[in-house]
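Residue numbers (the numbering used here): 166 to 576.
Inspection log for the structure reproduced underneath, given as structure tokens.
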Amino acid sequence: MPRAFALPDLGEGLTEAQIVRVLVHEGDVIGEDTPLLEVETDKAQVEIPSPLAGRVERIHVEPGQTVKVGEVLVTFADGDLARPGSAAPGAPARPAAGGPVPAAPATRRLARELGVDLRAVEGTGPGGRVTDADVRGAGRAARPEAPGPPEAPGRPAGPRPLAPVGLAPPALPRFEQWGPIERLPLSHLRRTIAERMALSAALVPHVTHFDRADITDLDQVLRRNLERARERGVTLTLTSFLLKAAALALREHPQFNASLDPGAGELILKRYCHLGVAVATDRGLIVPVLRDVDRTPVLELARELGALAQRVRAGKATLDDLRGGTFTVTNLGALGGTGAIPIINYPEVAILGVARAREEPVVRDGHVVPRLLLPLSLTFDHRVADGADGARFAADIVRRLEHPDQLLLEL
166 MPRAFALPDL GEGLTEAQIV RVLVHEGDVI GEDTPLLEVE TDKAQVEIPS
216 PLAGRVERIH VEPGQTVKVG EVLVTFADGD LARPGSAAPG APARPAAGGP
266 VPAAPATRRL ARELGVDLRA VEGTGPGGRV TDADVRGAGR AARPEAPGPP
316 EAPGRPAGPR PLAPVGLAPP ALPRFEQWGP IERLPLSHLR RTIAERMALS
366 AALVPHVTHF DRADITDLDQ VLRRNLERAR ERGVTLTLTS FLLKAAALAL
416 REHPQFNASL DPGAGELILK RYCHLGVAVA TDRGLIVPVL RDVDRTPVLE
466 LARELGALAQ RVRAGKATLD DLRGGTFTVT NLGALGGTGA IPIINYPEVA
516 ILGVARAREE PVVRDGHVVP RLLLPLSLTF DHRVADGADG ARFAADIVRR
566 LEHPDQLLLE L
């Protein structure tokens, strides 16, 4: 009996996706979890796996098409849909001995990257399916000692205007009266970035505090440990230390690890610390999320960060990779510059910007000495914190960066 597979609920309030690639053909016989499509959502580009094994009878979409949640993507001629309710209530299903472990392709890839045996992982997803969170938890346990109006379905009629935020912009002049012009439609991701940045700038009163950290000692720690980390398959970077320093400082300044609920008049303090890292790709800026950074050793952070950035740049990030951030770090140091004022990743309330470290003359104990100074810019929501709060939070980050040996030991 033919079975239709529709675009599933993607969570995080996402209502539509744009088809990037169709990975199967009509007539193909595929297995459960075989990648069907690559789609671009408001979060990133992700793969949609097949929920069943069977023969592809009809493909209803094509690249470039925008589809809504619930729209049919593929019809199967036969096969059994993987039903979430197939497991006994209260007990996740376990795979038969020697049988395949239920897990999405992206989860299997994550397990390989972290060296986790899926057969030893207790799945907490529907029907006993192993999730990304299950794999990350197993990885840490295995290394305890490691340091607008709705659109009609179908093809888009053409470029759509950005969602309005605040005041309506005035009409643009006719630029062609002064010379030739070219109009380029925004990509799905670029449109999303534009709308999110406009929303954050319109809703949040931004204030930025600037500081500098003397990372001379940290730079030496990095250089001393590069080879040892490389032998373990890890590229140790400044960003992993920045993430750790920020996460530990957030423990002492929880109002920056929060979201404001203006309707309720409440500040929502998050008792977990999942940090977003801005990653530049050829499609635009994407912010994947590292989990439990405050409780993860620096070396493990570097491992996870490298794998995560690689998935993002390859367009293989999962939705779980992009959800649940509480605070964001954006490091532009590789591109130069002396500082920047980053826009808050709403509904977070703060973001840390990092520029290029430079060697400068500094007076210490009455002598002028060269020191490596790292510019930091902390932008935060002035509704939830005052300038003095931001200064103390930034100073706490600086203090931790300037004592890297302690940073390596803190959990």
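Beta carbons are placed, not taken as given, at the ideal position from N, Cα and C, and that holds for glycine.
Since we're looking at a predicted model, the values are computed, not measured.
Practice item. Tell me where the beta strand (DSSP E) around Pro350 begins and ends. Key: Premise fails: Pro350 is in no beta strand (DSSP E) and is neither H nor E.
Check your understanding: Taking the Cβ atom as the reference point for each residue, do Arg301 and Arg488 lie within a distance shorter than 8 Å?
Key -> no
**Study point:** Residue range of the unbroken alpha helix (DSSP H) whose run includes Lys409
**Key:** 403–417
Review point. Would you say Val399 and Leu440 are within 8 Å of each other, going by their C-beta atoms?
Key: no
**Study point:** Under the three-state DSSP convention, the category Pro214 falls into
**Key:** strand
Review point. Taking the alpha carbon of Pro173 as the point to measure from, which residue in Arg186, Met166, Val194, Glu212 has its own alpha carbon closest?
Key: Glu212
Check your understanding: Which partner residues of Ala303 appear in the DSSP bridge assignment?
Key -> DSSP output for Ala303 lists no bridge partner at all.
Check your understanding: When the Cα atoms are used, what is the spatial distance from Ile195 to Thr381?
Key -> 55 Å
Practice item. Helix, strand or coil for Pro569, going by three-state DSSP, please let me know. Key: helix
Exercise for review: Using three-state DSSP, classify Pro540 as helix, strand or coil.
Suggested key: strand
**Study point:** Residue burial classification, Val232 (beta-carbon count within 10 angstroms, cutoff 16)
**Key:** buried
**Study point:** Bridge-paired residues (DSSP) for Pro526
**Key:** Pro535
Review point. Span of the alpha helix (DSSP H) holding Asp124?
Key: Residue 124 is absent from the model: the chain starts at 166 and stops at 576.
Practice item. Whole angstroms is fine: what's the gap from Val534's alpha carbon to Ala499's? Key: 25 Å
Exercise for review: Identify whether Ala423 lies in helix, strand or coil by the three-state DSSP scheme.
Suggested key: strand
Check your understanding: Roughly how many angstroms separate the alpha carbons of Gln385 and Asp570, rounded to a whole number?
Key -> 11 Å
Exercise for review: Return the bridge partner residues of Ile433 from the DSSP annotation.
Suggested key: Ser424
Review point. Where does Leu450 sit, in a helix, a strand or coil, going by DSSP?
Key: strand
Review point. Between His190 and the rest of its own chain, which residues show a CB-CB distance below 8 Å, the 5 nearest in sequence each way excluded?
Key: Val221, Ile224
Check your understanding: Of the choices Gly531, Glu525, Glu417, Lys481, whose alpha-carbon is the least far from that of Phe558?
Key -> Glu417
Review point. Is the beta carbon of Gln420 less than 8 Å from the beta carbon of Val549?
Key: yes
Review point. So is Phe340 buried or exposed if we call it buried at 16+ other beta carbons inside 10 Å?
Key: exposed
Check your understanding: At which residues does the beta strand (DSSP E) containing Glu136 begin and terminate?
Key -> What is shown of the chain runs 166 to 576, which leaves residue 136 out entirely.
Review point. Quick one: what does DSSP say Ile516 is sitting in, helix, strand or coil?
Key: strand
Point to revise | Glu469 burial status per 10 Å Cβ neighbour count (16 or more: buried) | key: buried
**Study point:** Boundaries of the beta strand (DSSP E) in which Gly441 is found, first to last residue
**Key:** 440–442
**Study point:** Own chain residues within Cβ distance below 6 Å of Gly235, not counting five before or after
**Key:** Ala171
Review point. Any contact of the segment 499–519 with the segment 479–486, i.e. 3+ C-beta pairs under 8 Å?
Key: no
Check your understanding: With burial defined as no fewer than 16 other Cβ atoms inside 10 Å of the residue's Cβ, what is the status of Leu543: buried or exposed?
Key -> buried
**Study point:** Residues bridged to Pro200 [DSSP beta-bridge criterion]
**Key:** Pro214
**Study point:** Cβ-based burial, Ser352 [other Cβ within 10 Å; buried from 16]
**Key:** exposed
Review point. Where do the ends of the alpha helix (DSSP H) carrying Arg476 lie?
Key: 463–478
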